[in-house]
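Residue numbers (the numbering used here): 609 to 752.
Even glycine gets a Cβ: it sits at the ideal position worked out from N, Cα and C.
None of the values given here were measured: they were computed from a predicted structure.
The next block holds one structure in the form of structure tokens; read it before the comments.
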Ligand SMILES: [Fe+2]
């Protein structure tokens, strides 16, 4: 299995939108807390508790992002929303299984989270913000 690593915030994770960046920083913060729980060998119930805190925060963040994309008429909003839903489904299943009789390895969950968030931020989220900036620059140009 791959090595368990924390995520360190860097400019490569910034999508160029302060409010969204702040949310992503908080999500990364909670992810790093989960890694600590694994390193300190805390039991699964504590991991499940922090994971569900992360899910609550993710839901709030996704709602904000989705209404933002709606406002500037992002053409790929449906596939973006589908990716949010798929994430919530996966994490909810992990959370449920953690408290069951054959719990998944928390390391596996952490790896899923690290991969999902870094790739989602750097590809999927950056795409809408790029589009938003393009639309904005055209609007300014039109009114000159
Ligand atoms: Fe997103």
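Is DSSP giving residue i helix, strand or coil here?
i	result
residue 725	helix
residue 713	coil
residue 622	coil
residue 688	helix
residue 609	coil
residue 650	coil
residue 636	helix
residue 642	helix
residue 659	helix
residue 696	helix
residue 741	helix
For ligand 1, I want to know if residue i counts as a neighbour, meaning its beta carbon is within less than 7 angstroms of at least one of the ligand's heavy atoms.
i	result
residue 732	yes
residue 673	yes
residue 684	no
residue 688	yes
residue 637	no
residue 632	no
residue 740	no
Please state whether the Cβ-Cβ distance between residue i and residue j is less than 8 angstroms.
i	j	result
residue 658	residue 638	yes
residue 707	residue 660	no
residue 726	residue 623	no
residue 712	residue 655	no
residue 643	residue 733	no
residue 688	residue 677	yes
residue 612	residue 729	no
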